[in-house]
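As structure tokens, the structure follows; a few thoughts come after it.
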């Protein structure tokens, strides 16, 4: 916890930034963020020290609350953890740092342009020309929100940070059910269909990973959060209950359908067909579907 709070903090108070992104990368469409676990999920196109990563901020809010619980359990002073949790859970602060009015959603922030692509470029060497894929940027990046809907955009919902009475909760819940964004009949895809990065290769050799496929760990967080909001008083309780039932049914039915068809639990699922893909058997976090079945959150 202390390591994250010191080594991954951002330039502004209350912001966090995943380290390890390569600002000199020329063979990647979008420099990877391996430290986040969401390897090729699109972040700002030009990594800088003033990036703000929404998912990491939400993880730190969750971690602060857990540390406070542990401190209470072992009869230690929880105040510094409680204070950090309260600050990171303050919706006004969260909105000021991560709410994009242009996209009308929660987003990362950084030096960014969507106007880039991979092109085959000939590189002369001593014997012949070597053709390889390199990134070509066709518009200057600007400091702005990275207006791409995907799993990261919904982390304030996934980790139950949005206040149940917030008017933004209704917008987030409605967005969650939009088929042009993440919603499919098999679960939530990792990146919106209307994103310029949707199902795009990140390098010549890297197929899209967190740019469309359905991941069960993130769907579990979504279902868990929807269960929480469906059981918590507020003006959006009924909407949360509807989305909870629909999403839980979609994920459970598809995972079971594929298990019966193939005999495997899969690493990820195709957002167009629902078919399992990637590694198998994958009963690590994909086994979270069992908790969804039992409504154990």
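In UniProt numbering, the protein residues as written are 1 to 297. Note that CB positions come from ideal geometry on N, CA and C, so glycine has one too.
Within 10 angstroms of the beta-carbon of residue 205 lie fewer than 16 other beta-carbons, which makes it exposed. Distance from the CA of residue 282 to the CA of residue 90, rounded to the nearest whole angstrom, comes to 37 Å.
DSSP places residue 272 in no alpha helix (DSSP H); its state is neither H nor E.
Taking the CA atoms as reference points, residue 192 sits about 15 Å from residue 173.
Here the alpha carbon of residue 58 sits roughly 33 Å from the alpha carbon of residue 257. Per DSSP, the beta-bridge partners of residue 52 are 109. Considering only 238, 226, 265, the residue with the shortest C-alpha distance to residue 297 is 226. Here residue 13 is not near residue 30, since their CB atoms are 8 Å or more apart. Between the region 60 to 73 and the region 213 to 233, the count of Cβ pairs shorter than 8 Å is below three; the stretches do not touch. The region 163 to 177 makes no contact with the region 210 to 221; the number of CB pairs closer than 8 Å stays below 3.
In the structure shown, the three-state DSSP call for residue 182 is coil.
The C-beta distance from residue 203 to residue 27 rounds to 5 Å, short enough to fall under 8 Å.
Here residue 218 has 151 as same chain residues with Cβ atoms under 6 Å from its own Cβ, once five neighbours each way along the sequence are excluded. With contact defined as three or more Cβ pairs closer than 8 Å, the region 104 to 118 and the region 39 to 54 are in contact. Here residue 5 is not bridged, per DSSP, to any residue.
Contact annotation: residue 269 and residue 165 have beta-carbon atoms that are not nearer than 8 Å.
DSSP places residue 259 within a helical segment (H, G or I) once states are collapsed to three.
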